[in-house]
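Student: So that you can map any letter, position 309 of the sequence shown is 309 in full-length UniProt numbering, and since no number is skipped, the others follow by simple counting. Positions of the beta carbon are idealized from the N, C-alpha and C atoms, including for glycine. One structure follows; several queries about it will come next.
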Amino acid sequence: MFVILLVGAFLPPLDFFIVNVALPSIRGELGAASSAEQLVISSYAGLYAVTLITGGRLGDLYGRGRVFFIGLIGFAAASLLCGLAWSPWALIAGRALQGVTAAVMAPQALASVQAIFPEAEKPLALSLYGAVFGLAAVVGQALGGILISLDLMGLGWRAIFLVNLPVAILVLLFGLPLLKETRAPDARKLDLGGTALSMVTLGALIVPLIEGREAGWPLWSWLSLMAAPVLAWLFWRYETRLAQAGGTPLLDPAAMRAPGLGRALLIALLFYAIAAFFLLFSVYLQEALHATALDAGLVFLPFGAGFLLGPLSTPFCRRILGAYVNPVGMGLEAVGFAGLVWAIVATPTGVSPAPVPLAVLLFVIGFGQGLALPTLMRMVTGRVAPAFSGMIAGVASSTLQVGTALSVAVIGGIFYTVLGARTDPAAITQAFIVAILCIAACLAVGAGLSLTLARRLAPSPNEEGAERPFGRHRLDGRRPDRIGAPRPCEPT
1 MFVILLVGAF LPPLDFFIVN VALPSIRGEL GAASSAEQLV ISSYAGLYAV
51 TLITGGRLGD LYGRGRVFFI GLIGFAAASL LCGLAWSPWA LIAGRALQGV
101 TAAVMAPQAL ASVQAIFPEA EKPLALSLYG AVFGLAAVVG QALGGILISL
151 DLMGLGWRAI FLVNLPVAIL VLLFGLPLLK ETRAPDARKL DLGGTALSMV
201 TLGALIVPLI EGREAGWPLW SWLSLMAAPV LAWLFWRYET RLAQAGGTPL
251 LDPAAMRAPG LGRALLIALL FYAIAAFFLL FSVYLQEALH ATALDAGLVF
301 LPFGAGFLLG PLSTPFCRRI LGAYVNPVGM GLEAVGFAGL VWAIVATPTG
351 VSPAPVPLAV LLFVIGFGQG LALPTLMRMV TGRVAPAFSG MIAGVASSTL
401 QVGTALSVAV IGGIFYTVLG ARTDPAAITQ AFIVAILCIA ACLAVGAGLS
451 LTLARRLAPS PNEEGAERPF GRHRLDGRRP DRIGAPRPCE PT
């Protein structure tokens, strides 16, 4: 059943990456303006991010397998709408629906790891979960180009959406008989007030981050960002009062107070500082080095290979590094970016760094990210009771999405501020170096914070060298896995 759920983790990032290569074809056939073209991406990313917490909580309340299949069916229907789109706005509507249904489907895989797997098997399960993201990043760019170039049955770019349909049908046929349902004990109805407030709060933060720079940071974007903290405070007060009244809040305050959870979420926020790199590296390759789009895409392959192998190496690395896998992985990323800066500085302006060192550095960055991702997810999800695994899976995924939006907005803004009105290779190279250093600094801070958590989890001499599981022990000796729940989650 877990293999089936991994498809739910694979499809959302795949459909994010795969559409990038299709935008020129979409613009040519549908006549989409640049603003509509941007909405094809941002409508998906924005609604996906704001719905993740709700999607995870739906699995807790109504059954993770059942909610997964409902999300999968909705995702397939949305993909069909995208594939048949007759206008730019029909495509945008399909992409928006894809974002919502993907957010319902995706958290169920991560939640199931926490709810179903025993502690000894969680590292392997999370490694497979992390490898899925690396595979999606590699396959997305390549598959999009292949499907468009093959022009199967004259479908052109539409094939990148319609390919989801046979995948969904196969998952339904093979997955439904294997369904082993899990949910929170004493599940009640969904907190509709909290759901609305959470989506408005996240929307007020994420929409201006996604759209603000492209629109020139208009007044509404700043007003929205200033409103986000106020809305977050109102949301937290509402959830606290609902919990005190004996209700079932969307975001349980007791669970969110688990020791170390706030720091783990901050690390997750810093972890995706790398998101701006993909955009800015493409700009550097094509505008400063004059590489073709195909060549620029191929340069990313060593990163994708590292990102795929990193999670698969996590169980082995855990036997050597114990609780220090995450800080080592994020440290490798920071070192890789520092090495990339050195390689660019040591190369004449307008000339690409030597291919082999560049490939090695990109592999190290990808490997470090892939190595750190599974333990980062365990660092977050393992701090609350299994009954809240869906909620915390949504929170973790949403935090990563917010980190992505912040990275693109802030670090991308720094890049374009340093670049100014210049477009020559020297100016682009200088701006790119400043942006890389910002990314490396964020990852280094994340690695340092992760190191402080890892020290608390490091085994004591009387534990026979075994790493203590995340979230099972507090400094005062009490067990936080009982926080917010009367008993562990049980299959139903």
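Considering P327, what are the terminal residues of the alpha helix (DSSP H) in which it resides?
Tutor: Segment V325 to V345, the alpha helix (DSSP H) holding P327.
Student: By DSSP, does E121 sit in helix, in strand, or in coil?
Tutor: E121 falls in the helix class under three-state DSSP.
Student: What are the start and end residues of the alpha helix (DSSP H) that includes E211?
Tutor: Note, E211: alpha helix (DSSP H), L192 to E211.
Student: If you pair each beta-carbon of the stretch 253-266 with each one of the stretch 420-427, do three or more pairs fall below 8 Å?
Tutor: Too few Cβ pairs lie closer than 8 Å, so no.
Student: Just verifying my parser: in three-state terms, what is the DSSP assignment at D60?
Tutor: If DSSP states are grouped into helix, strand and coil, D60 belongs with the helices.
Student: Under 9 Å between C-beta atoms, does S79 make it to chain C?
Tutor: Going by chain labels, chain C is absent from the structure shown, which holds only one protein chain.
Student: Distance, Cα to Cα, P107 vs G55?
Tutor: So the alpha carbons of these two residues sit roughly 7 Å apart.
Student: Can you name the start and end residues of the alpha helix (DSSP H) that Y238 belongs to?
Tutor: Unbroken alpha helix (DSSP H) run through Y238: L219 to Q244.
Student: Can you give me the C-alpha to C-alpha distance between T201 and W236, rounded to a whole angstrom?
Tutor: The straight-line gap from Cα to Cα measures roughly 11 Å.
Student: My output table needs one value for V434: the three-state DSSP class, helix, strand or coil.
Tutor: Correct three-state label for V434: helix.
Student: Relative to the C-alpha of P249, which residue among I53, G448 and L449 is closest?
Tutor: It is I53.
Student: So for W86, helix, strand or coil by DSSP?
Tutor: Reduced to three states, the DSSP call for W86 is coil.
Student: Between which two residues does the alpha helix (DSSP H) containing R263 stretch?
Tutor: From DSSP, the alpha helix (DSSP H) with R263 extends over L261 to F271.
Student: Report buried or exposed for T417, applying the criterion of at least 16 other Cβ atoms within 10 angstroms of its Cβ.
Tutor: Exposed, because fewer than 16 other Cβ atoms sit within 10 Å of the Cβ of T417.
Student: Grouping DSSP H, G and I as helix and E and B as strand, with all else coil, what is V7?
Tutor: Reduced to three states, the DSSP call for V7 is helix.
Student: Note down, in chain order, each residue of its chain lying with its Cβ closer than 7 Å to the Cβ of D295, except the 5 sequence neighbours on either side.
Tutor: Correct list: empty, nothing qualifies.
Student: The alpha helix (DSSP H) with G247 in it runs from where to where?
Tutor: Taken as a continuous stretch (DSSP letters only), G247 belongs to no alpha helix (DSSP H), as it is neither H nor E.
Student: Quick one: any contact between the stretch 56-75 and the stretch 356-372, if contact means 3 or more CB pairs under 8 Å?
Tutor: No, because fewer than three Cβ pairs between the stretch 56-75 and the stretch 356-372 fall closer than 8 Å, the two stretches do not touch.
Student: Throw me the rounded Cβ distance for the I18 and V40 pair, which I believe falls under 8 Å.
Tutor: Their Cβ separation, rounded to whole angstroms, is 12 Å, which puts I18 and V40 out of contact at 8 Å.
Student: Taking the C-alpha atoms as reference points, what is the distance between S198 and M226?
Tutor: The alpha-carbon atoms of S198 and M226 are separated by roughly 16 Å.
Student: Report the three-state DSSP secondary structure of E463 (helix, strand or coil).
Tutor: With a pLDDT of 37 at E463, under the threshold of 50, the predicted position of this residue should be treated as unreliable, though the coordinate-derived value follows. Looking at E463 - three-state DSSP - the assignment turns out to be helix.
Student: Taking DSSP as the reference, what is the three-state secondary structure of F470?
Tutor: For F470, the predicted structure reports a pLDDT of 39, less than 50, and the residue's modelled location is therefore unreliable. A value from the coordinates is still provided. F470 falls in the coil class under three-state DSSP.
Student: Grouping DSSP H, G and I as helix and E and B as strand, with all else coil, what is D252?
Tutor: Coil at D252, not helix or strand.
Student: T452 to P166, Cα distance in whole Å?
Tutor: Distance between the alpha carbons of T452 and P166 is about 46 Å.
Student: Using only the alpha-carbon positions, how far apart do A372 and W86 sit?
Tutor: Straight-line Cα distance between these residues: approximately 42 Å.
Student: Assuming L152 and M377 make a contact with CB atoms under 8 Å, what is their CB distance in whole Å?
Tutor: That pair is no contact at about 36 Å.
Student: Measure the CB-CB distance between residue 532 and V384 and report whether it falls below 9 Å.
Tutor: Nothing can be reported for residue 532: it is not among the residues displayed for the chain, which extend from 1 to 492.
Student: Kindly indicate which residue of G130, V104 and L155 has the alpha-carbon position closest to the one of L84.
Tutor: Ranking G130, V104 and L155 by Cα distance to L84 puts L155 first.
Student: Which residue marks the beginning of the alpha helix (DSSP H) containing S352, and which one marks its end?
Tutor: Here S352 belongs to no alpha helix (DSSP H), and DSSP marks it neither H nor E.
Student: Within the same chain, show all residues whose beta-carbon is closer than 7 Å to that of S398, passing over the 5 residues directly before and after it, in chain order.
Tutor: The residues are A49, L52, I53 and L202.
Student: Using the three-state DSSP reduction, which class does R158 fall into: helix, strand or coil?
Tutor: Residue state, collapsed to three classes: helix.
Student: Can you round the beta-carbon distance between P353 and A343 to whole angstroms, since I take them to be within the 8 Å contact cut?
Tutor: Contact flag correct, Cβ pair sits at about 4 Å.
Student: Could you have a look at E214 and say whether DSSP puts it in helix, strand or coil?
Tutor: Coil at E214, not helix or strand.
Student: Are three or more beta carbon pairs between the stretch 400-417 and the stretch 319-334 nearer than 8 Å?
Tutor: No: fewer than three Cβ pairs fall under 8 Å.
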